[in-house]
Amino acid sequence: MNALLILIPVTLVLAIVAVGIFFWAVNHAQFEDLDSPKVLPLLDEEAPHKDGRVDAGSRAAPASVDKHAAS
Amino acid sequence: MSIDAKLWARPALAGQVLRRRRDGRAEIALHVAALAQPRRALQFEQMLHALPGVASMSLDRVAQRARVVFDDARLPLPALLDACAGAACEAQPLHRDRLVDRGRALANASLKRLLVAGVFTMQAMMFALVLYLGAVNPLDASTAHLFRWLGLLSAIPVVGYAALPFYRDALAGLRAGRPGIDVPVALAIVFIFSASVVNALRGSGEIYFDSISMFVFVLLLGRHLQLRAHVRHRALGELAADALPLLAQRRSGDGGLETVAAAELVAGDRVRVAEGEAVPCDGVLESARAQTDESLLSGEARACVHRHGDAISAGSVALGGPLELRVTREVGASATSVLARLAAQAHAARDAAGDADAPAARRFVWRVLVLAIATAAFWLWRDPARAFDATVAVLVVACPCAFGLAAPAVLTRSMAVLARMGVLVLRPAALPAMAEADRVLFDKTGTLTEPALRVDSMETFRGTSQAEALRLAAALAQASRHPLARAVAQAADDVGIPESAEIVVTSGGGLQGRVAGCELKLGRGGFISDIDADDDALWLSNAEGPLARFPVVETVRAQAAAVVAALRASGLAPALVSGDAPSRVRAAAERLGIDDWSARQSPADKLARVQRERTAGRVVLAVGDGGNDAAALAAADVSAVPAGGTDLARSHADLALLSGIAGLPRVRELALRARAILLQNRRGSLVWNLGAVPFAALGFVPPWLAAIGMSASSLAVVLNSLRIRAGQEPRTPSLPLHERTA
Amino acid sequence: MAVTVQDLSRTGPTPIRGEQDDHELSSIFKAYTVSATFWLIFGTAVGLLLAFKFGAPDFWAGKYLTFGRLRPIHTNDVFYGWASIALVGTAYYVTVRSCGTKLYSTALAWAGLWLFNIAAIAGTIALDLGYNWGDLEYREWPWPIRLVFLAALIVTVWNILATIARRESQDIYLSNWYIVGGLLWTCIICLVAVLPWYQYGLGQVTISGYFMHNAVGMWFTPLALGLFYYAIPKVLNRPIYSYALGVLAFWTNLVFYPMLGAHHFLFSPLPWWLQTTAIICSVGMLVPVLGGGANYLLTMRGRYHGRIESYPLAFLFVGVLCYVFGSMQGTVEALRSLQAIWHFTSFTVGHSHFTMYGFVTFAAWGGIYALLPLATGKRPGQLGMAVHFWLATTGVAIYVISLSIGGTIQGLDWVHGKPFIQSVVDMEPYYLWRGVGGILMFLSHLVFVWNVWRMTAGKPGDAPSPIMQSEEAGA
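Residue numbers (my numbering), protein chains in the order written: chain A, 1 to 71; chain B, 72 to 813; chain C, 814 to 1288.
Right, dumping it as structure tokens:
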């Protein structure tokens, strides 16, 4: 049972740390726009590979996002 | 790089639009018309993301506004604007005042408090649960003691941080002599927490750390959702660009043109305004003739003809060609600014009237205090040892949790329903006022009526067929942005429009050009020399003389009469207050069935009318769309502006009707329903709070039962509020609210 | 339309991230995947052997191959070797790409890989030599070896946080929240797990419950969910259904999860209240689970045609389903009346395979098939992925179903007080089926090795780009 004497303070400290991180996120505008960040994975441009080839699929990405959003 | 974009490199101009952030980056608000289309919005977003130095952005598609944070050392403002233009998403920088967003700061603070309350309430409830279960599986005394202390520890952040706004608002209310619902809330928190701390310290008696934390969390959640809805509605309401341009074209000493910041203009400067642009400040016309659209000021969508030496107000839009004027008053002193100031003052006067919750809250406090004192007195007489615990128990069951939630729940729900109906609530207090209103003042032009081209009754001369005349007129009209020209082009939509060339837009209201090899003119009578200039109609002529005449009349908007009738039926006495000529106002009033009308009303007259009505004890709903209505809109108890209203009107209205005035009767209906539900909520929660008191006073309500009762009554209030629904009217286009709601 | 958009994005100058950076990221991703694949083969080969030792206990019964030594080797290797390394590899790729920047330090990433592998090798050898720490599940490695794993975590979290700090956008994409949350949290629980105090008796049980379940729920779950939030939109070529819902689910996790580990010790001498709070938290977990699951499935809406268009998506889809149903199964198991039957039976083994295999491993495979070709420019064969998918899916289905039925029978036998040997006899057919499922799963891993070979060093296969062409009907 005495293990709780560790676990409970640890949980409380973690709660405080989590709240701290949340405050950081609020202050750094992480919750202001909960809509546009969703396109971030689709935006990274595929850099050409060593041999200069480019992955065709990833190239098509932005255009089709566009279609999706328009529908 | 375009010349226009380059100008923004000048510090004087950039200073007006850029805001420096603490991290050294710059922030700017842009008006981007392309954002109205979702597809273009996404392209714009991707384009900005790809630019180096752009740190973040947020788009408001409905407000057509983008807020961009960028590193202007890496990406100068002109380069940013150029990139936008290159992507076919022209961006117009907005004044940096537009960046100040108090709602956003409030929402952030409220989010933080909400999370703290949530996390620590969860902990407090966990520890309390252990104690409650102790009744079934007895705990040893030291463990029980530990958990009482842990409960105290968890409640401290909730009571000491998350609940701060309640104390602050309660104190502010008391100081202003108008205690609102925050007073009983703050009292309950402080009393119950202190009593629980005393009990935790002396090691006996009940503790209520879980109930009090939950109480704070539930109320914060209700208020946060209300605030979010409010911020969202207001953001949607901030449509369109600034009324006044930031740039001006000044004629320098040598006769050339230079672009300067509008704020730099001083009286005596000569300024050129291109067609379609707004006049930056008040001045006197230098050109021989000019035509302007003064709808910003008057709400009347009629082209006004000015001659040399006439005064022109800031915010008027140049039509039919460029004009030149001499500045008489600087930007800050211009008529538009004056109107805005008048409206702001009217606003402040009205909002000082106070909080609608106040009387109910005051009665509540008194009742609870009397009950608590009575309980304490009873037990001091019967059994002093139980007096403290019994009094605390009474305070706990009388916690105004459901009561405090009643108004936010109803408001949040109503705003969600209204948004679906295409109505934005720009000031939440407007809804209760909408239910109370018994007088409606309408503006006429633009609100109830609109100018229309009577194509069906057009006359043709010299053997021209109607279709032929329409085609020729449309070929010319395509080149202009004048409302009537657009109407001509629209009327000829499905007739094959011939090619036109060498079109000249002449200052003074006319179009001239070559259509199908023939020189043609389209414009008012005065433009086509030999016809009476006072005629409102449009004329089409060629070298030999007039070919066709298109009468222009004022028509009553489609649903206007039905709206007036419906509002009258629901207890609102209508009146028409217009700045237009008596003949036109009387005609419109007759068609709409309004007996009470007045014409030639200046903005100040309109304001005075509203104030007179209010002094007479009436609750006034004002409906208008022009800048000249702004003061009246601001002074009324509740005001509405239909779609297409000017910025100035919109910024002082409480409700924006995106689907036009047709939605007004349904808003009234919903407001009445919301008021009924709110009363039900209040009564229901009072019945719970006060009804449970005798049991608590006799010691029959243990803490866990109090906590359950508190959550059950709050839930009942929320569920009851969900009964507010839109009526069975035809569906109106819904807002893209759901897309961005978390 | 495509042309226009492409032209627009070209107006921006070249990103600071260069070809060399992409090449380095690709090498790191490759190395983590290859190394994880080794542990997958090794760990599951041991697992397969164990499955057959149920039916034939004397088979290969040498000192170093006893059930008691091999079982922890199997669980620890798939845990610390396969799943951890594979998910950290994808996490590096996801973080770097969603932040639109380059990796903070290549050296740190390599150091982390070495540390992960050293820990796994040392742990395997120690366990086989009989140096079992004797602690409860996932803490069998001697504590110095677990410190090496902790060091690997710290190196990784440092590298990832520094990468996020140099991101190009203000918003930190949701995947990175999950990844960082998982890494930081796991550092803390690893530390708690090696603290020398109270590591005996009930205290040990409590801390183990805290550690072991949190290790699953706060390590693999966030990393796999972070991967979902990147890989599913990437493959489908459409953004996540609701970003806001994902954010809400992330923060709700934090409120509920920390308290639920104790549900593995219901009916133990742990205080009744602690067990009850653990049960309540387990029920509370349904909120983020259902929110997250709905979000993924709604993102995939319009793509259920009864035929598989994309195998990476199929893996991710099975992963999502197993996440939702596995978590719900976990909640149900936490209820006292049901746990009375199921706990300590093979049902729990079925549950752990349902989640660790069906969810975590399928997520890792989906992520690797979706992202590794983008990193290396080499694709696997379509047939290879199909064979892998169907073998693994059939295998795990047989495995979980047989153990769920068998475990229930086993538990009922125990509850009804039948002789223990009766439950063993009753379990025999189910052990056999479990072995069959295990063989299929193991065979699928061999195919996976072939696919990884084609995506890294070998000759590329014929699979289409992992990024699907979006179709009008689906969009």
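The beta carbon of each residue, even a glycine, is placed where N, CA and C say it ideally should be.
Remember, predicted model here, so these are calculated numbers, not experimental data.
- Residue-level contact by beta carbon holds for Asp-984 (chain C) and chain B, with a gap shorter than 8 angstroms.
- By the Cβ criterion, the region 1254-1263 of chain C is not in contact with the region 874-888 of chain C, since fewer than three pairs of Cβ atoms, one from each stretch, lie closer than 8 angstroms.
- The bridge partners DSSP lists for Pro-617 (chain B) are B:Ser-612.
- Contact annotation: the region 495-510 of chain B does not touch the region 785-800 of chain B, with fewer than three C-beta pairs closer than 8 angstroms.
- Straight-line measurement puts the Cα of Leu-186 (chain B) at about 28 angstroms from the Cα of Val-1133 (chain C).
- By the neighbour-count definition (other C-beta atoms within 10 Å, threshold 16), Val-712 (chain B) is a buried residue.
- Look at Thr-969 (chain C) here: in three-state DSSP terms it is helix.
- Annotation for His-102 (chain B): the continuous beta strand (DSSP E) segment containing it runs 97-103.
- Here Lys-1231 (chain C) is exposed. Its C-beta has fewer than 16 other C-beta atoms within 10 Å.
- For Leu-356 (chain B), the uninterrupted beta strand (DSSP E) segment begins and ends at 354-356.
- By the Cβ-count criterion, Tyr-1136 (chain C) is buried, with 16 or more other Cβ atoms from all chains shown falling within 10 Å of its own Cβ.
- If you compare the alpha carbons of B:Pro-393, B:Phe-532, B:Asp-281 with that of Leu-223 (chain B), the shortest gap goes to B:Asp-281.
- Among the residues of chain A, those whose CB is under 8 angstroms from the CB of Ile-1001 (chain C) are Val-10, Leu-14, following chain order.
- For Trp-923 (chain C), the three-state secondary structure derived from DSSP is helix.
- Within the same chain, Cβ atoms closer than 7 angstroms to the Cβ of Tyr-1043 (chain C) are found at Val-907, Ser-911, Ser-988, the five residues on either side in sequence being excluded.
- Ala-188 (chain B) is positioned such that its CB atom lies no closer than 8 angstroms to that of Ala-121 (chain B).
- For Ile-1053 (chain C), the nearest CB of chain A lies under 8 angstroms from its own CB, placing it at the interface with that chain.
- Between Gly-1143 (chain C) and Gly-868 (chain C), the C-beta gap is not smaller than 8 angstroms, which leaves the two residues out of contact.
- Beta-bridge partners assigned by DSSP to Phe-513 (chain B): B:Leu-647, B:Val-694.
- Taking a contact to require three or more Cβ pairs closer than 8 angstroms, the region 1104-1121 of chain C and the region 1046-1066 of chain C qualify as touching.
- Under the 8 angstroms criterion on CB atoms, Asn-179 (chain B) is classed as interfacial with respect to chain A.
- The DSSP-derived three-state label of Val-494 (chain B) is strand.
- Looking at the DSSP output, Arg-1051 (chain C) shares a beta bridge with no other residue.
- In this structure, Ile-99 (chain B) sits near Val-139 (chain B), with a CB-CB distance shorter than 8 angstroms.
- Within the DSSP secondary-structure output, Ile-383 (chain B) pairs in a beta bridge with B:Gly-354.
- Interface annotation, Arg-175 (chain B): in contact with chain A, CB-CB separation under 8 angstroms.
- Neighbourhood of Gln-194 (chain B) in chain A, by CB distance below 9 angstroms: Thr-11, Leu-12, Ala-15, in chain order.
- Relative to Gly-326 (chain B), the option among B:Pro-82, B:Arg-341, B:Leu-318, B:Ala-332 whose CA is nearest is B:Arg-341.
- For the set B:Arg-685, B:Ala-687, B:Ala-705, B:Thr-686, the Cα lying nearest the Cα of Val-694 (chain B) is the one of B:Ala-705.
- It is roughly 16 angstroms from the alpha-carbon of Ser-284 (chain B) to the alpha-carbon of Ala-15 (chain A).
- It is roughly 11 angstroms from the alpha-carbon of Ile-1045 (chain C) to the alpha-carbon of Leu-1111 (chain C).
- In the structure shown, Ala-932 (chain C) adopts helical secondary structure according to DSSP, grouped into three states.
- The C-beta distance from Ala-660 (chain B) to Arg-510 (chain B) rounds to 16 angstroms, too long to fall under 8 angstroms, and the pair is not in contact.
- Looking from the CA of Val-344 (chain B), the closest CA among B:Val-337, B:Ala-361, B:Ala-338, B:Glu-335 belongs to B:Ala-361.
- At least 8 angstroms separates the CB of Tyr-991 (chain C) from every CB of chain A.
- Ranked by how close their Cα comes to the Cα of Leu-356 (chain B), the residues B:Leu-336, B:Arg-378, B:Val-337 have B:Arg-378 in first place.
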